[in-house]
Amino acid sequence: MKTKVLMVCLGNICRSPLAEGILKSKVDSNSIFVDSSGTAGYHVGHQPDKRSIAVAQKHGIDISSQKCRQFSKNDFIEFDWIYAMDKNNFTNILNLASSEKDEKKVRLLLDEVDLGFNEVPDPYYGGADGFEEVYHMINRACEAIAKKLN
Numbered sequence: 083m084k085t086k087v088l089m090v091c092l093g094n095i096c097r098s099p100l101a102e103g104i105l106k107s108k109v110d111s112n113s114i115f116v117d118s119s120g121t122a123g124y125h126v127g128h129q130p131d132k133r134s135i136a137v138a139q140k141h142g143i144d145i146s147s148q149k150c151r152q153f154s155k156n157d158f159i160e161f162d163w164i165y166a167m168d169k170n171n172f173t174n175i176l177n178l179a180s181s182e183k184d185e186k187k188v189r190l191l192l193d194e195v196d197l198g199f200n201e202v203p204d205p206y207y208g209g210a211d212g213f214e215e216v217y218h219m220i221n222r223a224c225e226a227i228a229k230k231l232n
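What the sequence shown shows, in my numbering, is residues 83 to 232, in sequence order.
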């Protein structure tokens, strides 16, 4: 049975699509399934932000075929690990949990590494540099996760 990992941010267009693409590039797809979603439904059905697509492409990862979707209670059933990009989304996910088992699946992504902070900032309202910085934060966390899973 495959281990299933879900990456979650607010709109599922910036951080979580990057996290999905980065982790997919580091794990065996035959044994690990990775997806992403957003706690809000603002962009359901859309591609990730062009800046996320560009920074991923710069690092050899194609996320252009991803489609945004909203997090649902069913994700607690479908996924083994749920990684939130920040505390607000972490709280929003936990508010949908039905049990302690659900709650134990949820973690902050950057808790997997020691960067001195544990939230991936939202680069949406900034420039391309913010997307590059976020890429590197997420990449470090995904390296740690991949080591655990592989």
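A virtual CB, placed ideally from N, CA and C, is assigned to each residue, including glycine. Remember, it's a predicted structure, so these values are computed and weren't measured experimentally.
Quick one: what's residue i bridged to in DSSP?
| i | result |
| --- | --- |
| Leu88 | Asp117 and Ile164 |
| Gln152 | Gly120 |
Between which two residues does the alpha helix (DSSP H) harbouring residue i extend?
| i | result |
| --- | --- |
| Arg133 | Lys132 to Lys140 |
| Leu231 | Ala210 to Leu231 |
| Gly100 | As written in the sequence, residue 100 is Leu, which differs from the Gly given in the question. Unbroken alpha helix (DSSP H) run through Leu100: Arg97 to Lys108. |
| Leu176 | Lys169 to Leu176 |
The beta strand (DSSP E) with residue i in it runs from where to where?
| i | result |
| --- | --- |
| Leu190 | Val188 to Leu190 |
My understanding is that residue i touches residue j, with C-beta atoms under 8 Å, so please give their C-beta distance in whole angstroms.
| i | j | result |
| --- | --- | --- |
| Val116 | Val87 | 5 Å |
| Leu178 | Lys155 | 5 Å |
| Arg133 | Ile220 | With a Cβ gap of about 14 Å, Arg133 and Ile220 do not count as contacting. |
| Asp95 | His141 | At residue 95 the sequence reads Ile, which differs from the Asp that was named. Wrong, their Cβ atoms sit about 18 Å apart, outside the cutoff. |
| Glu185 | Leu192 | Glu185 to Leu192, Cβ: 19 Å. No contact. |
| Arg189 | Tyr165 | 6 Å |
| Phe161 | Ser180 | Incorrect: roughly 14 Å between the Cβ atoms, too far for contact. |
Using CA atoms only, rank isn't needed, just tell me which of the options is closest to residue i.
| i | options | result |
| --- | --- | --- |
| Glu225 | Met167, Ile104, Arg97 and Met83 | Ile104 |
| Gln24 | Leu192, Met89, Asp162 and Ala223 | Since the first residue of the chain shown is 83 and the last is 232, residue 24 is not available in this structure. |
| Thr173 | Pro130, Cys91 and Asp131 | Cys91 |
| Glu151 | Thr85, Pro130, Asn170 and Lys187 | Here the sequence assigns Arg to residue 151, which means Glu is not the residue at that position. The candidate whose alpha carbon is nearest that of Arg151 is Pro130. |
| Asn170 | Asp204, Ile143 and Glu160 | Asp204 |
| Phe153 | Ala101, Gly93 and Lys84 | Gly93 |
| Ile143 | Pro99, Thr85, Tyr206 and Gly209 | Pro99 |
Inset, instruction - Flag this pair as touching only if the region 198-214 and the region 134-154 have three or more C-beta atom pairs under 8 Å; answer yes or no. - result: yes
Inset, instruction - Would you check if the region 189-206 and the region 117-128 touch, i.e. whether three or more CB-CB distances between them fall below 8 Å? - result: no
Inset, instruction - Decide yes or no for the touch test of the region 98-108 against the region 216-232: beta carbon pairs closer than 8 Å, at least 3 of them. - result: yes
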